[in-house]
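Counting in my numbering, the sequence shown runs without a single skipped number right up to 167 at its last residue. Note that beta-carbon positions come from the ideal geometry of N, C-alpha and C, so glycine has one too. Let me begin by presenting the structure, written as structure tokens, before commenting on it.
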Amino acid sequence: MATNGMVATSQPLAAMAGLRMLMNGGSAVDAAVAAAATLNVVEPQATGAGGDLFALVYNASDKKVYSLNASGHSPAAASAEELRNKGMRSIPDNSPYSVTVPGAVSGWQALLDRFGKMSMSEVLKPAIAYATGGYPVSEVISMQWQGAAAKLEASPSGSELLLDGRA
1 MATNGMVATS QPLAAMAGLR MLMNGGSAVD AAVAAAATLN VVEPQATGAG
51 GDLFALVYNA SDKKVYSLNA SGHSPAAASA EELRNKGMRS IPDNSPYSVT
101 VPGAVSGWQA LLDRFGKMSM SEVLKPAIAY ATGGYPVSEV ISMQWQGAAA
151 KLEASPSGSE LLLDGRA
């Protein structure tokens with residue numbers, strides 16, 4: 001499929017999105033962002049634009065490794081002291097307090113600005129195409145969605161996300 005580059009992801013459609021960027025003259029960062037964005041569509045339970053991004057990028061021109069921490073922050077009004085005052089010793093996964101301000105998309109943009117050859121709109125094209133045109137769901141993802149059906153059914157509005165009451 002390619003002789004001068006490689007893209008590896010958990011989903012073939014995402015790997016192909018990244019490979020397309022390389023085949024069109026993009027950088028490794030262009031490929032990584034395209035693959036990550038596509039994973040948001042085809043494997044949404046494992047990754048998301050509403051999450052964090054951590055990256056190490058080797059720049060061959062100056063032979064340096066650059067790092068980026070685009071992890072989310074707590075909302076400005078939240079503090080550990082406030083939560084302790086509410087009697088919380090830990091934050092449950094399904095609590096609104098477990099949600100951070102997303103950092104992934106700003107991280108994608110920062111990486112593209114520094115190391116990319118393509119625009120955000122160019123690298124998002126494969127993800128947008130899958131989101132609007134559909135895609136085949138892999139067996140692994142189908143099984144994971146089925147496993148999550150009970151959690152959705154238990155949620156007041158979660159069952160609305162199920163088609164015909166099933167995952």
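Looking at the strands, I want to know which residues DSSP matches up with Leu184.
What is shown of the chain runs 1 to 167, which leaves residue 184 out entirely.
So what's Val42 in DSSP terms, helix, strand or just coil?
Three-state result, Val42: helix.
According to DSSP, simplified to helix, strand and coil, what is Val29?
Correct three-state label for Val29: helix.
Of all the options Pro44, Ala8, Asp62, Met6, which has the alpha carbon lying nearest to the alpha carbon of Tyr130?
If you compare the alpha carbons of Pro44, Ala8, Asp62, Met6 with that of Tyr130, the shortest gap goes to Pro44.
When you compare the CB positions of Gly18 and Ala34, do they come within less than 7 Å of one another, or not?
Pairing Gly18 with Ala34 gives a Cβ-Cβ distance under 7 Å.
Which same chain residues, not among the five before or five after Asp52, have their C-beta less than 7 Å away from its C-beta?
Leaving aside the five residues that flank Asp52 on each side, the residues in its chain whose CB is nearer than 7 Å to its CB run, in chain order, Ala70, Ser71, Gly72, Gly103, Ala104.
Compare the C-alpha of Phe54 against each of Ile141, Val99, Gly5, Val29 and name the closest.
The residue with the shortest Cα to Cα distance from Phe54 is Val29.
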